Amino acid sequence: MESRWLEDFLSLVDTRNFSRSAEARYTTQPAFSRRIKSLEDWVGAKLFDRTTQPISLTPSGERFRPVAEEVLRRLLQGREDARRVGETSANLIRFSATHSLSLTFFPSWIRSIEAKTHTFNIRLDSCQFNDCMQSLIKGESHFAISHAHPQVEMNLPPMHFTSKLVGTDRLLPVTLPDSAGSPLDKLPGTEDEPIHYLAYTETSAIGQAVEHMINNVEEPVYLDKVFVSQLAAVLKTLSREGRGMAWLPESSISDELASGSLVLAGGEKWFIPVEIRIFRSRERLPAMAEELWSILEGEAVPSDAPSPENC
């Protein structure tokens, strides 16, 4: 039995969808299905009822679920404990953060903390949203930093993980301006001329927040999805090239909005408020990581980000 089979099992428990879990686990659906089948063969029982939509756990799967969660948690915690013993620098604090926040948020945030205390010995891994969460679950990072939204599932069991608000941001619909400075794309679009939409993948936290807004806005939205990427930086580049409209973190486009190289494609009703959160395991962390957390515990909740001018 391979430990990754347990990770596959728990991913499928969360998504109830083979294709979504395969994408989240960065493998093909046939390969993912084979691994689930291998786990079922090892257990000796069917764990999922594939005849329901969405798929559901069988009674055997329900019984196996808490066992899988506990075994995986103990394996990862055991690895973390062993790593602590052999770690060359006992003071090293390991962070994982999404690509966007690694560039726009983390440097100034950690600098503000160190200004009040002392300099920490830090390793920062920039990765995609799912990889950040997996890094935390596997014990590869002490902390993970990501955008968060009430409608986005973080896939972190609250009994084992906790988080703290460390900042706020907004996802703003932006596009290239025309020669008069007006947006080339204007929400909500029309049925005859839908907006060229630069979208995030389904596994992106930002993408899930955007899709929730689109699906719940009061008026029809006419979008033609012409490009999909997990990275906000890629969508930002394409929007600056005039390829279409994207919802981008305000923290990553403040300079472009100020210079007018990007403009808003809609008013405040199209803005999506999001949080910036730091996540950690409830297990005890090394002393320096716990010191940093105690500093965060004593800080006030950040205020909202300033509003840009409406288009």
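Numbering (my numbering), first residue to last: 18 to 328.
Glycine is no exception: its CB is placed at the ideal position from the N, C-alpha and C atoms.
These figures come from a predicted structure and were not determined experimentally.
- Less than 8 Å separates the beta-carbon of L279 from that of I270.
- As a beta-bridge residue in DSSP terms, E292 pairs with A165 and T185.
- Between the alpha carbons of F35 and E228 lies a gap of roughly 20 Å.
- Residue pairing of T179 in beta bridges, as defined by DSSP: R297.
- The DSSP-derived three-state label of S129 is helix.
- The alpha carbon of A249 has as its nearest neighbour, out of G198, V191 and P200, the alpha carbon of V191.
- F49 and D195 have their alpha carbons spaced roughly 46 Å apart.
- Under DSSP, Y214 forms a beta bridge with K242 and M262.
- Cβ contact annotation for F81 (same chain, cutoff 7 Å, sequence separation greater than five): V60 and L64, in chain order.
- DSSP places I110 in the uninterrupted beta strand (DSSP E) bounded by L109 to T115.
- Rounded to the nearest angstrom, the gap between the Cα atoms of H135 and M305 is 11 Å.
- Judged by pairs of C-beta atoms under 8 Å, the segment 71-86 does not touch the segment 123-131, as fewer than three such pairs exist.
- Here T218 is near S246, since their CB atoms are less than 8 Å apart.
- Here S20 is near L92, since their CB atoms are less than 8 Å apart.
- Judged by beta-carbon spacing, R187 lies beyond the 8 Å limit of E273, meaning their Cβ atoms are not closer than that value.
- When the five nearest sequence neighbours on each side are left out, the beta carbons in the same chain lying within less than 8 Å of the beta carbon of K155 are those of L93 and R96, in order along the chain.
- In this structure, the CA atom of S28 is about 24 Å from the CA atom of V291.
- Between G184 and F122, the beta carbon gap of about 6 Å places them in contact (Cβ cut-off 8 Å).
- Taking the CA atoms as reference points, T75 sits about 23 Å from L173.
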